[in-house]
Amino acid sequence: MDILLLILLEVAKTIAREVVAFGFKKITSKKKKKKTTPKPAKRGRFSKKR
Numbered sequence: 001m002d003i004l005l006l007i008l009l010e011v012a013k014t015i016a017r018e019v020v021a022f023g024f025k026k027i028t029s030k031k032k033k034k035k036t037t038p039k040p041a042k043r044g045r046f047s048k049k050r
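UniProt numbering numbers the first residue of the sequence shown as 1 and each following residue consecutively.
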C-alpha cells in the first residue's frame with residue numbers, strides 16, 4: 001500500500017510541476033505578444049503581382 005501511495009505522490013508532483021511550467025510559459029508569452037505591434041498590410045502594386 002505504501003508503494004502505491006508513493007507512486008501516486010510522484011505522479012501528483014509531476015503533474016503539478018508541468019502545470020506550473022505551462023502556466024509560466026502562458027504568462028510570459030502573453031507579455032511578449034503585448035510588446036510586438038502587428039505589421040501593417042502592404043499596399044501598392046508590389047503586393048498585387050497576380
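We put the beta carbon where it would ideally sit given N, CA and C, even for glycine.
Suppose you measure from the CA of residue 31 to the CA of residue 1; what does that come to, to the nearest Å?
As a first step, residue 31 is located in the sequence shown; it is residue number 31 there, counting from the start. As a first step, residue 1 is located in the sequence shown; it is residue number 1 there, counting from the start. Going by the C-alpha atoms only, they are around 46 Å apart.
From residue 28 to residue 7, what does the alpha carbon distance come to, in whole angstroms?
The residue labelled residue 28 in the question sits at position 28 within the sequence shown. The residue labelled residue 7 in the question sits at position 7 within the sequence shown. For residue 28 and residue 7, the distance between alpha carbons rounds to 32 Å.
Express the C-alpha separation of residue 24 and residue 3 in angstroms, rounding to a whole number.
The sequence position of residue 3 within the sequence shown is 3, counting from 1. The sequence position of residue 24 within the sequence shown is 24, counting from 1. If you take the alpha carbons of residue 3 and residue 24, they lie about 32 Å apart.
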